[in-house]
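Protein chains in written order, with the working numbering: chain W, 1 to 106; chain Y, 1001 to 1175. All residues carry an ideal CB built from backbone N, CA and C; glycine is no exception. In this text the structure is predicted, and so the values were computed from the model without any measurement.
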């Protein structure tokens, strides 16, 4: 429990997603400060409540977006029940990520 | 039944005496969205009352496994998500969204000129928790198209960019 408290939510999220999803690319960004004013967060303080998560993993092959998001939510259900408020998820397979990069470059 | 009592505003006044008047009547065949709030009235707390209500809520939850999704709420939600082609559970209202993600989805739907119903889950905490179980989705907004869960903000934005959302809405409107 002590070690858990020392790790930030961002690193906990990273660890959980890395181990299960075997992510080729994983980015976790704490954007709680952007939501500091809004209704549901105001009272509890804008501390580690909103994150952007970007994952590239072959485990997403053949899954609809809804299924991919649900996979991520299930892995982070502890966090969601302990103050994590919202997740902005980008979940791509390696193929899709490559297409994205090449269309950006061209 | 006890869980359903939490909706009643009478719980605030006398938390230990439950009135079952509102909840023994059967849900009518068609439930316009406006009735959703009549059957599941938001609780307005005063400071002292809220402690009592919350305390009694906690007591209940330790005795029974607390699920916000009662059978009655499930039936009502089944009707609500099919009452219109496009239903959005969001934070805030159509005119005054109270969250950036909810606002994004509202703006997308408005720009596509589709008629849609919005329900403000901030008004009713039990509805909010029940919906998370009902949709198997822990966050809001939640968009339902043609009675089926479509996704949250990210998914709606992706589908809007790819044109998938417009296609799906056209199909839903024409059917």
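Would you call the CB atoms of residue 1088/Y and residue 1112/Y closer than 8 Å? Cβ atoms of residue 1088/Y and residue 1112/Y: not closer than 8 Å.
Which runs of the beta strand (DSSP E), 3 residues or longer, sit entirely within the region 44-105 of chain W? Fully contained in the region 44-105 of chain W are the following beta strand (DSSP E) runs of length 3 or more, in chain order: 50-56 and 86-92.
Taking 7 Å as the cut-off, does the CB of residue 1157/Y come closer than this to any heavy atom belonging to the ligand ATP? Looking at this structure, you won't find the ligand ATP or any other ligand, since it has none at all.
Do residue 1150/Y and residue 1090/Y have their C-beta atoms within less than 8 Å of each other? No, Cβ-Cβ distance for residue 1150/Y and residue 1090/Y is not below 8 Å.
When DSSP builds the beta bridges, which residues end up paired with residue 1145/Y? Beta bridge pairing from DSSP links residue 1145/Y with 1086/Y and 1148/Y.
Residue range of the alpha helix (DSSP H) that residue 20/W falls in? Here the alpha helix (DSSP H) through residue 20/W covers 9-21.
Using the Cα positions of residue 1099/Y and residue 1093/Y, report the straight-line distance between them to the nearest angstrom. Approximately 10 Å, taken between the alpha carbons.
Are there 16 or more other CB atoms within 10 angstroms of the CB of residue 999/Y, so buried, or fewer, so exposed? Given a span of 1001 to 1175 for chain Y in the structure shown, any question on residue 999/Y remains unanswerable.
Figure out for me which residue from 1132/Y, 1145/Y, 1175/Y and 1082/Y has the closest Cα to the Cα of residue 74/W. Residue 1132/Y is the option with its Cα nearest to residue 74/W.
Going along chain Y, which residues have a C-beta under 8 Å from residue 87/W? Residues of chain Y passing the Cβ test: 1139.
Quick one: residues in its chain with C-beta nearer than 6 Å to the C-beta of residue 1114/Y, no 5 flanking neighbours on either side, listed in chain order? Excluding sequence positions up to five before and after residue 1114/Y, its CB lies within less than 6 Å of the CB of 1086 and 1169, all in the same chain and listed in chain order.
Could you tell me whether any Cβ in chain Y is nearer than 8 Å to the Cβ of residue 70/W? Chain Y contact via Cβ: present.
N-terminal and C-terminal residue of the alpha helix (DSSP H) that residue 1157/Y is part of: Unbroken alpha helix (DSSP H) run through residue 1157/Y: 1153-1162.
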